[in-house]
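Asks: Following this message is one structure expressed as C-alpha cells.
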Amino acid sequence: MLSIAEIANSLQQWLMATFSPGWATLIEFVLVGTLVLSFFAFLGLVLVFMERKVSAYMQLRVGPNRVGFRGTAQTLADTIKLVVKEGLTPDGADKFLFNFAPFLVLITSMLLMAPIAFAKDFQIWDINIGVLYISAVSSISVIGVLMAGWSSNNKYSLLGAMRSGAQIVSYELSAGLAIMSVVILVGSLSLNDIIASQQNGWWIFKGHIPVIISFVIYIIAVTAETNRAPFDLAEAESELTAGFHTEYSGMKFALFFLAEYVNIFIVCAIGATLFLGGWMPLHIGSWEGFNHIMDFIPSSVWFMGKTFFLIFVIMWFRWTFPRLRIDQLLNLEWKYLLPISLFNLLLVTFIALMGWHF
Amino acid sequence: MSFLTNYFSTIYTSVRSLLKGMWKTGYYFTHHKEIITQNYPENRDSLNLPERFRGEVVMTHNEENEHRCTGCTACELACPNGTIKIVTKFDITPEGKKKKALDTFVYHLELCTMCNLCVEACPTGAIKMDQAFEHSVYDRRLLTKKLNRPDSKLMEGVE
Amino acid sequence: MLEEIGTTEQGDLVINVGPQHPSTHGVLHLVITLNGETIKKVEPHLGYIHRSIEKMCESLTYRQFIYSTSRMDYLSAHMNNHACAMAVEQGLGLEIPARARVIRILMSELTRLASHQLWWGAMAMDVGAITPFFHAFREREMINDIMEETCGARLTMNYMVPGGVMFDLHPNFQVKTKDFVRFFRSKFDEYDELVTNNIIFQERMKNVGRISAEDAVSFGCSGPVARASGVSSDIRKLAPYEGYDQLNFTEALETAGDNYARYLVRMQEMRTSLSIIDQLIDNIPEGDFQAKTKAVLKLPKGEYYSRVETARGDFGVYIVSEGGTTPYRIKFRSPGFSNLSALDHIARGCKIGDLVAIMGSLDLVIPDIDR
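Chains as they are written, first to last, in our numbering: chain C, 1 to 358; chain Z, 1001 to 1159; chain P, 2001 to 2371.
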C-alpha cells in the first residue's frame, strides 16, 4: 500500500543517493518549507470556506455559491482581492513593528507545525519534547498580537491587544494542565509516544472521566487561546470594530486572518493527537475484524478527519454563543477552569499511579 | 457543602443551557430545507410580487395608445417631494375651442418615495403603481421618465 | 467639548465610538472616556442624520406630512403614521369607521412584533451572537410579506391616512396573519433556547445597566425602558386610543431595571401583541375602511396633540394650526431621544462590552433621535 511515509522515504533516499549529504539536507529544507507554505495557503482557503459554509447553514443561509463549483473558489477570489489591495501603514504607526507583527504571528504558527504527526511515520521534526515545545512556542503569538495592537497607534487596537494579552496568558495555564493529564498517563512528552500509547484505544475512552474533563477544558482553553468566539474579545467586532487588526489592510490583514485559521488547525491537530489518537485508527478491544477494516483507512485520513471534526466543533461554538465580557472571561479561567483542571490533574495522577486506566 | 453543590449546579445548568443552544444550531446545520434565503437573480421569473406592491408610477395606456390623464395636476399637488411635473399644452377641439391637455408627464423616479398619494389623488385613474423594483441604472438622467407614450392621446369620454 | 476633554484625568482614554461603528446601529457618535476598560463618561453627539423633518412638515399638507414620519423610527413606521393621522383627525373632528380602527390596531401590533424581532436579533448580535439575527429575520420576513400584500410596501408603508387607512385589507390577510401567529408561537421556545436561557447571555445582561424608577422618570424614559424599571407607562393603557381599552391585555412590567429586565419586557410584549392579534383577527368588523374626507384638509386654528405607544415608547405629535392647509408648527416627541439621554447615567462604571449591550437594550433607532 502506498503511504505518505513511503513516498517521503523514497524521496529522501533518492536525494541522498544523488547529492552530497549537505546538499540533500538543504534541498530537503527547501522542500519542506515550500510544502508547509503551500499547506498554509491550502488550509487558509479550505478553513475560510468551511467557516463560511458552516455559519451560513446555521444561519438559514446558503453561503458562498457563485464563484467556482458551488462557491468553492470564493476564498480564492477573496485572496486575490486581498493580494492586490494596498497595504496601508497608518501615519502615526511604528512602521517597523506594524509591518513585522503579522509575520511574527504567522511564523509562530509555522513553527508549531513542526512536531505534528500528519500520518503514520510522517512528521517534519520528531522531537522528544514535542508537547513542551508546542506549549512554549504557542505563547510567542501573543507578542505578535500585542505588537500589532500597540504599533497601530489606534485606541481600539490597543484595547484589543491588551485584552488578548490577558486572555492568552491566563488560558495557557489550563490548556497546559489539560495537556499534562495525558502526558502523565503516557509518561512521555514525545507526540509519537503519545500516539503509540493509543494503539488499543484513544485516551478519551481509556482515561475515564478525568481525561474527558481535561479534553473539554482543553477545547475551551484553546478556543480562548486562538481568540475565537465566544472568547474573541481581542477582535470583538461589535465593541472594538476589529480589535488589534483594525488598522491592517490587504495582505497584512490576510496574514493575521491566515494565522488565526492555521492556529485553529494546529490546536485541533494537537487535541486530536493527545485525546483522539492522532493518526491511530479506531480500535475496539478484541473486535479483530472491525479493527482490521479500520486499518484499511489511511492514517492521514484518520488524522485529518479527527482534526476537522474538532475544528467544526470550535466553529459551532462561534456561531452559537454570545461573547463573554472581559471580567467574566477571566472569572471563567481563574474560578472555574483552573481549579477544576488542577483537581483533575490530581485525579489523573492517582489513576496513572494505580494503573486504573485501560 | 452548600457552596460545593452550588458551584457544581451552576456548572451543570450553564453547560446544559449552552448545549441546548448548540443543539438548535446543529439542527439547522443539518436540516438544509430550513434555509430561507433565495438565489435572487436566478429566481427572477418565479418572484411573485403582490399586486399592491409599489415599485414605480406608471401611466396606463390601452391598445389604441390612449391614456386617461387630463393634465389636471392633482397628482403634482399631492406629491410631497416634487416628483411629478406635468407640462400641459392647448389642443384645439373640432369646435375651434382651446382645451388644456397633457403634453408631458415628467416623473422623477429618483425623488419618489412610493407613498401612493398621487395615485390616490388622481380623479381619472390615469396613473397606477407598478411592481418593477429593479431601478438601478448607471446614469441618473435615465431615472427622469416621461410617462405618457409618444403620440398617445386622451381617451374618449374622460374629463 | 474641548474643555470637557481637558478635565479628564491623566491616563484616561477618550475614544470616539461611531459615527461609523458596528454597534451603534446607525450614525450615532459617542465620545467615551475610559479608565482601562471601565467607562467614566459617555457623551452622545447627535445630528449626523438630521433631516429637519419637523421643518419640512411645515411646508407639506396634512395628507402629505404623514409619509415623512415613516422615515423617523422606521421600525415602527405604522405607529408613527398612526399618531400623525390621529392628530389630524382630532383637528378635523373625524369619526373613524370601526373597521379602520381594528385594521390600525392590527397593523400597529404587527409592526411592534416586527420591530421587537429585529431588536432581538440585534441585541444578540451586540453581545456577540450573530446567528439569532438571521433567525429573527425569518419571522420578520413573514410580517413584511403580510405588510407588502396589504399596504404595498415592506418598511415605510404610508398606510395610515387621515380618516382611516389607504386600502382595505387584502383577502389573504387573515389567513396569513393566523399562519404567522401560529408559526411564531412555535418558534418562541427557540428564541429562549438560543438566547434567553444561554448562560453567557444572562451573565452579560443581568445586573448590568441598572436604572431606577425615579431616574427613568426624570430622564423621560418611556416604553420598555421605563417599564423594565417598574414605571407603568404603556400609552395603550394610560390613554387608550382606537379602542385599545376594549381589548384584554396586561402591561408588561419588570422591576429590576437592568438589561435583562428590558429584554424580558420586550419578550413579554411580543406575547402581548400576539394575544391582541388573536383577539382581533377573527373579529374585524365589516364596513368602510376610510371615512369620507374633503380633498383639501384644513385644520381649525388651534393646537392638537396625540400620542401612541410605539415599539420604543411614547411617541407624540404636536400640531399647531393657523387654520391653513399646512401646519404652522409640528413637534414630534420621539421616545428614542429621551431613552438615549439616560445612556450616560446607565453606562457609567460599566465595561466597554456592557456599553454595547446597554445600547442594544435601549433599542435606539438613530433617525428617530435625530429626526
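Even glycine gets a Cβ: it sits at the ideal position worked out from N, Cα and C.
(1) Span of the alpha helix (DSSP H) holding C/P322?
(2) Taking the alpha-carbon positions, what's the P/M2079 to P/L2106 distance?
(3) Please state if the CB of Z/L1147 and the CB of Z/V1058 are separated by a distance shorter than 9 Å.
(4) Suppose contacts are defined by Cβ-Cβ distances below 9 Å. Is P/I2281 in contact with P/S2334 by that definition?
(5) Between which two residues does the alpha helix (DSSP H) harbouring C/N99 extend?
(6) Give me, in chain order, the residues of the same chain whose beta-carbon lies closer than 6 Å to that of P/M2125; leave out the 5 immediate sequence neighbours on both sides.
(7) Run the CB neighbour count on Z/M1022, radius 10 Å, all protein chains shown included, and call it buried at 16 or more, exposed below.
(8) Measuring alpha carbon to alpha carbon, tell me which residue in Z/G1055, Z/S1046, Z/F1029, Z/V1137 is nearest Z/C1112.
(9) Whole angstroms is fine: what's the gap from P/H2345's alpha carbon to P/H2045's?
(10) Do we get a CB-CB distance below 9 Å when we pair C/D91 with the residues of chain P?
(11) Please confirm whether P/S2023 has its beta-carbon closer than 9 Å to some beta-carbon of chain C.
(12) Return the chain-ordered list of same chain residues with a C-beta closer than 8 Å to the C-beta of C/P322, the five sequence neighbours on each side being excluded.
(13) Since P/L2028 contacts P/A2077 with CB under 8 Å, what's their CB separation in whole angstroms?
(14) Taking the beta carbon of C/P102 as the centre, do at least 16 other beta carbons fall within 10 Å, making it buried, or is it exposed?
(15) Classify C/T226 as helix, strand or coil using the three-state DSSP reduction.
(16) Give the single residue among P/M2157, P/M2072, P/I2066 whose Cα lies nearest to the Cα of P/H2050.
(17) Can P/V2320 and P/G2302 be called in contact, C-beta distance under 9 Å?
(18) Going by CA-CA distance only, name the one from P/K2041, P/G2360, P/H2116, P/K2187 that's closest to Z/E1034.
(19) Take the Cβ of C/F309 as the centre, count every other Cβ of all protein chains shown within 10 Å, and call the residue buried at 16 or more, exposed below.
(20) What does the Cβ neighbour count give for P/D2179, buried or exposed, with the cut at 16 atoms within 10 Å?
(21) In chain Z, which residues lie with their C-beta within 9 Å of the C-beta of P/Y2241?
(22) Can you round the beta-carbon distance between P/M2267 and P/L2113 to whole angstroms, since I take them to be within the 8 Å contact cut?
(23) Taking 8 Å as the threshold, find out whether the region 2353 to 2366 of chain P comes into contact with the region 2194 to 2207 of chain P through three or more Cβ pairs.
(24) Taking CB distances under 9 Å as the criterion, tell me whether Z/I1036 reaches chain P.
(25) Would P/V2373 be called buried (16 or more neighbouring beta carbons within 10 Å of its own) or exposed?
(26) Against chain Z, which members of the region 2148 to 2166 of chain P pass a CB distance test of less than 8 Å?
(27) Please say whether C/V183 and C/I195 have beta carbons closer to each other than 9 Å?
(28) Of all the options P/L2118, P/E2190, P/A2085, P/N2198, which has the alpha carbon lying nearest to the alpha carbon of P/V2165?
(29) Within 10 angstroms of the Cβ of P/P2285, are there 16 or more other Cβ atoms? Answer buried if so, exposed if not.
(30) With distances taken Cα to Cα, identify the nearest neighbour of Z/P1080 among Z/L1047, Z/M1114, Z/S1017, Z/R1068.
(31) Taking any Cβ of chain D, which residues in the region 38 to 64 of chain C have a Cβ under 7 Å from it, in chain order?
(32) Using a C-beta to C-beta distance shorter than 8 Å, which residues of chain P count as neighbours of C/E6?
(33) Ignore the nearest five residues each way along the sequence and tell me which others in P/G1941's own chain have a CB closer than 8 Å to its CB.
(34) In the DSSP assignment, what residue or residues form a beta bridge with Z/E1056?
(35) With H, G and I counted as helix, E and B as strand and the rest as coil, what does DSSP make of Z/E1066?
(36) Whose CA, out of C/I340, C/S3, C/A148, lies closest to the CA of C/A175?
Replies: Inspection of the coordinates gives the following:
(1) Here C/P322 belongs to no alpha helix (DSSP H), and DSSP marks it neither H nor E.
(2) 11 Å
(3) yes
(4) no
(5) 95 to 112
(6) These residues qualify, in order along the chain: F2133.
(7) buried
(8) Z/G1055
(9) 15 Å
(10) Chain P places no beta carbon closer than 9 Å to that of C/D91, leaving this residue out of the contacts.
(11) yes
(12) If we look at C/P322 and ignore the five residues flanking it on each side, its Cβ neighbours are P230.
(13) Contact annotation, P/L2028 with P/A2077: C-beta distance approximately 20 Å; criterion of less than 8 Å not satisfied.
(14) buried
(15) coil
(16) P/M2072
(17) yes
(18) P/K2187
(19) exposed
(20) For P/D2179, the number of other beta carbons within 10 angstroms of its own is below 16, and it is reported as exposed.
(21) Here the premise fails: no neighbours, minimum Cβ distance about 23 Å.
(22) The Cβ separation is near 11 Å, so there is no contact.
(23) yes
(24) yes
(25) As shown, chain P starts at 2001 and ends at 2371. That puts residue 2373 of chain P outside it, with no answer to give.
(26) E2148, E2149, T2150, C2151, G2152, A2153, T2156, N2158, V2161, M2166
(27) no
(28) Just measuring C-alpha positions, the residue of P/L2118, P/E2190, P/A2085, P/N2198 sitting nearest P/V2165 is P/A2085.
(29) exposed
(30) Z/M1114
(31) Here chain D cannot be found, since the structure's protein chains are C, Z and P.
(32) Per Cβ cutoff of 8 Å: no residues; C/E6 is ~45 Å from chain P at best.
(33) Absent from the model: residue 1941 of chain P. The displayed extent of chain P is 2001 to 2371, so no value can be given.
(34) Z/D1130
(35) strand
(36) C/I340
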